[in-house]
Amino acid sequence: MHWADVAAKSLSHRGDTHVISTGITPSGEFHIGHLREILTGDMLARAAKDAGLDVDFIFIVDSADPLRKVYSFLGPEFEQFIGHQLGAIPAPKEGDNNPDWQRFNEEGWTYADHFLTPFMDALAEIGVRPRIVDNLRSYQDGKFAQQAKLACDSADDIREIIERVSSRELASDWFPWSPLDSKGSLDGVKVTGYEYPLVYWIDSHGVEGSSDITKGQGKLPWRIDWPAKWSWIGVTCEAFGKDHGAAGGSYATGREISTLLGHEPPQPLTYEWISLRGKGAMSSSSGNTIGPIEALRLVPPQILRLLIANSKPNKAIDFDTGMGLVTLADEFERLCTRDFDSEMSEEDISRRKLVQIEDAKAALRLSMVEPGEIAKATSVSFRHLALLAQTKSSDDAIWQSLVSSGAINEPTKQLQDRLERMRYWISSEHFPEEMRINILSTPNEQALSSLDDEQKAVLKGLTAALHNCQWDSESIGSAIPQAAKDLEFSPRSAYRAAYAALMGLEKGPRLAPILAEMDKVQIMNLLDSCCQLV
RNA sequence: GGGCCUGUAGCUCAGUCAGGUAGAGCGUCGGACUUUUAAUCCGAUGGUCGCGGGUUCGAACCCCGUCAGGCCCGCCA
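Here the working numbering is used: the first residue of the first sequence is 145, the next is one more, and so on.
Okay, here's the thing in structure tokens:
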């Protein structure tokens, strides 16, 4: 059974109504690692709905978290906001990346909005539409009031849980509430007393004050904030990264604190990280990232979904924006054309085979942008489209080629969309070299020397034929095989010779349309030089 | 130091929970397509299941140990 269906089935044993949650801190540019968080949750939510459960899928935006430091993508003026909540400070402004006070004051446009909005747009395109829970607003609206009171009343119990489970010692003045100081920062504030609903404090400037825990004048520390959310929202299942999932991590303390707060801990689903192939783990601060938005400009959303659907959550994904993406995309096409039901009804099918077919079927179902959407193959592989996009200058020429070869009747919107992404991909640094069409500028002697006498002879005839040939795709296309036929050889020898001379390869893509797009004089010079060498 | 995850074909991974003849895709190789050849179709190739013990009629799977990689026990998807 597919991992999402397994998890959904396990959820069904707990009850019929579920709140499946995910959460991310909008501290910087989102990357596809974050996409795994939310897609894991989305797929689980869909699987649970398919299993007949009543599901509310939510995305908690941790806008109450403080700015930790002045990241490399921020202007120096952000120094003043360290420790301030992401949903309460201005966004970086285009240009100098310093705080955009104007938009902040006029529209209330915050740091959190700035990073969240493009991510939400990408999510919509990928078919993920969770209910958004803004954490800062929830605090301000008093949603945390009851849990915050319980936590502060049980400060000693919570301290005991965290110290025991994470085997870490808490400071003597530790308190389960982080008040905002006189300047709006959560850093360097010492709690001096508590009398519901007020927490008394003294800040790093020596200022004293009080914080009302029912009105969001501060927040719960992360390890309590999380279970408190589970409690007031009623979360029954949450997908989270392996960092939270390890023994002693925040889930381990969270589940005990959750019980203390009177809420049954949610069913966990821990997932592994995504790294960029050859570049190690994704990290916003090192700039080693690829955003969901950029990934979407390369491939259609279904393929991004397949990336997640195809890997069990506990498997690390090494995201490859080069050949790996071609393989993934072609696999998606293949899945679309398969008839799973007839495959499964085959006689004498092994249990192992059956599992494989089931998983493939489920992965495809979960890869659809719209739940329940029927997969339709485009009948044009990524590989083939990459080739066409490189050899034809206009889109119309590509559709013409595909129609005349019988691959399609007309360019669908899906195909047009795919071609657009393909053209962007080809122009990007991610496009793999081995897919790129390269016509040599000087002869490749090694490739030429591998030709046999027959092929060498054909090369000369071919060169002569092309000299006299009209320079269009059709004429070139007939001149190449004809050169071999004139010498009573198989057309294959002409192609073999042409690839060796023009590209230094044994085989390659359709030559005629490529040559037709190129300068005849340049090609003929290359071929003439080759003829002199053989 | 304590704990979690991962290790299966050249590559990406199923299969481990409920032990029963080692699987898929990609790649590679071969064939077919005689004006196309990175396409498509057909076929083949490929693994001491990290290593060592144990339990069992039987172990990739269960148990013990061990090696390697990643991660957690401040913050992090």
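All C-beta atoms, glycine included, are put in the ideal place defined by N, C-alpha and C.
All values reported here derive from a predicted model rather than from experimental measurement.
Where the beta strand (DSSP E) through T166 begins and ends: Residue 166 sits at position 22 when you count from the first residue of the first sequence. Per DSSP, the continuous beta strand (DSSP E) segment holding T166 begins and ends at 161-168.
Buried/exposed call for W147, threshold 16 Cβ in 10 Å: Here the question's residue 147 lines up with position 3 in the first sequence. W147 should be labelled buried.
Inside the segment 467-544 only - alpha helix (DSSP H) runs reaching at least 4 residues: 467-481, 484-488, 495-511, 526-535
Rounded distance between the beta-carbons of D278 and G231, thought under 8 Å: For the purposes of this step, residue 231 is identified with residue 87 of the first sequence, where counting begins at 1. For the purposes of this step, residue 278 is identified with residue 134 of the first sequence, where counting begins at 1. About 7 Å separates the two Cβ atoms, so the contact holds.
As assigned by DSSP and simplified to three states, the class of K363: Along the first sequence, one-based indexing puts residue 363 at 219. Three-state DSSP puts K363 in a strand.
Host alpha helix (DSSP H) of I552 (start-end): For the purposes of this step, residue 552 is taken as the residue at position 408 of the first sequence. No alpha helix (DSSP H) holds I552; DSSP gives it neither H nor E.
Contact check, I434 vs I270, beta carbons under 8 Å: For the purposes of this step, residue 434 is identified with residue 290 of the first sequence, where counting begins at 1. For the purposes of this step, residue 270 is identified with residue 126 of the first sequence, where counting begins at 1. Contact: no.
For L631 and G605, believed in contact at Cβ under 8 Å, the rounded distance: Numbered from its first residue, the first sequence carries residue 605 at position 461. Numbered from its first residue, the first sequence carries residue 631 at position 487. Between L631 and G605 the Cβ distance is about 6 Å, and since that is below 8 Å, they are a contact.
As assigned by DSSP and simplified to three states, the class of F338: Taking the first sequence and counting its residues from 1, the one referred to as residue 338 is at position 194. The sequence shown places Tyr at residue 338, rather than the Phe named in the question. Reduced to three states, the DSSP call for Y338 is strand.
Own chain residues within Cβ distance below 8 Å of S171, not counting five before or after: By 1-based counting over the first sequence, the position of residue 171 is 27. For S171, where only same-chain residues beyond five positions count, the Cβ hits under 8 Å are D209, L211, R212, Y215, L230, F259, S428.
Proximity winner among P625, R580, G648, relative to Q590 (alpha-carbon distances): Residue 590 sits at position 446 when you count from the first residue of the first sequence. Distances from the CA of Q590 to each of P625, R580, G648 were compared; the closest alpha carbon is that of G648.
Cβ-Cβ separation, L405 to P371 (assumed contact under 8 Å), whole Å: Your numbering for residue 371 matches position 227 in the first sequence. Your numbering for residue 405 matches position 261 in the first sequence. That pair is a contact at about 6 Å.
Segment limits, alpha helix (DSSP H) that includes R399: Along the first sequence, read from residue 1 onward, the residue named residue 399 stands at position 255. R399 -> alpha helix (DSSP H) spans 394-404.
Those residues which DSSP pairs with A383 across a bridge: By one-based count along the first sequence, residue 383 stands at place 239. Answer is L413.
Through-space distance from V335 to E221, alpha-carbon basis: In the first sequence, residue 221 corresponds to position 77, counting from 1. In the first sequence, residue 335 corresponds to position 191, counting from 1. E221 and V335: Cα-Cα distance of roughly 28 Å.
At least 3 beta-carbon pairs within less than 8 Å: the segment 662-677 vs the segment 605-615: yes
Continuous alpha helix (DSSP H) stretch holding R640: start and end: Walking along the first sequence from the start, residue 640 turns up at place 496. Residues 635-646.
Best match in G398, L364, G385 for proximity to R308 [C-alpha to C-alpha]: Within the first sequence, numbered from 1, the residue matching residue 308 stands at position 164. Of the candidates G398, L364, G385, the one whose C-alpha sits nearest the C-alpha of R308 is G398.
Any 3 or more C-beta pairs closer than 8 Å across the segment 380-397 and the segment 409-419: yes
I302 versus P365: straight-line alpha-carbon distance, rounded: As a position in the first sequence, residue 302 is number 158, starting the count at 1. As a position in the first sequence, residue 365 is number 221, starting the count at 1. Straight-line Cα distance between these residues: approximately 11 Å.
Stretch-stretch touch, CB-based, cutoff 8 Å, three pairs: the segment 172-192 with the segment 146-163: yes
Endpoints, beta strand (DSSP E) assigned at R275: The residue labelled residue 275 in the question sits at position 131 within the first sequence. Start and end: 275-278.
Burial state of S572, where buried means 16 or more other Cβ atoms lie within 10 Å: Against the first sequence, residue 572 aligns to sequence position 428. Under this definition S572 is an exposed residue.
At least three beta-carbon pairs within less than 8 Å, the segment 474-483 to the segment 507-526: yes
For I368 and A295, believed in contact at Cβ under 8 Å, the rounded distance: Taking the first residue of the first sequence as 1, we reach residue 295 at position 151. Taking the first residue of the first sequence as 1, we reach residue 368 at position 224. Contact flag correct, Cβ pair sits at about 5 Å.
Proximity below 8 Å, CB of V343 to CB of W376: Along the first sequence, one-based indexing puts residue 343 at 199. Along the first sequence, one-based indexing puts residue 376 at 232. Cβ atoms of V343 and W376: not closer than 8 Å.
Cβ pair count under 8 Å reaching 3, the segment 574-582 against the segment 461-474: yes
Beta-carbon gap between L442 and W569 smaller than 8 Å: On the first sequence, residue 442 is found 298 positions in, with the first residue counted as 1. On the first sequence, residue 569 is found 425 positions in, with the first residue counted as 1. Against a cut-off of 8 Å, the Cβ pair of W569 and L442 comes out as a contact.
Close beta carbons around T465, own chain, < 7 Å, minus the five adjacent residues each side: Here residue 465 corresponds to residue number 321 of the first sequence, with the count starting at 1. Only I434, L442, H574 meet the Cβ criterion.
Sub-8 Å separation of V513 and P445 beta-carbons: Against the first sequence, residue 513 aligns to sequence position 369. Against the first sequence, residue 445 aligns to sequence position 301. Going by C-beta atoms, V513 is nearer than 8 Å to P445.
The beta strand (DSSP E) enclosing E650, as first and last residue numbers: Numbered from its first residue, the first sequence carries residue 650 at position 506. First-last for E650: undefined, no H or E at that position.
Limits of the unbroken beta strand (DSSP E) element including I418: Counting from one through the first sequence, the residue named residue 418 turns up at place 274. First-last of the beta strand (DSSP E) with I418: 418-420.
Under 8 Å between C-beta atoms of Y283 and K386: For the purposes of this step, residue 283 is identified with residue 139 of the first sequence, where counting begins at 1. For the purposes of this step, residue 386 is identified with residue 242 of the first sequence, where counting begins at 1. Not in contact: Y283 and K386 (Cβ atoms no closer than 8 Å).
Pair within 8 Å by beta-carbon distance, V379 and I276: Within the first sequence, the letter at position 235 stands for residue 379. Within the first sequence, the letter at position 132 stands for residue 276. Going by C-beta atoms, V379 is not nearer than 8 Å to I276.
Pick from G332, Y340, T358, G360 that is closest to E352, judged by C-alpha positions: Within the first sequence, the letter at position 208 stands for residue 352. It is G332.
Backbone CA spacing between Q291 and D300 [nearest angstrom]: Looking up residue 291 in the first sequence gives position 147. Looking up residue 300 in the first sequence gives position 156. Cα to Cα, the separation comes out at about 15 Å.
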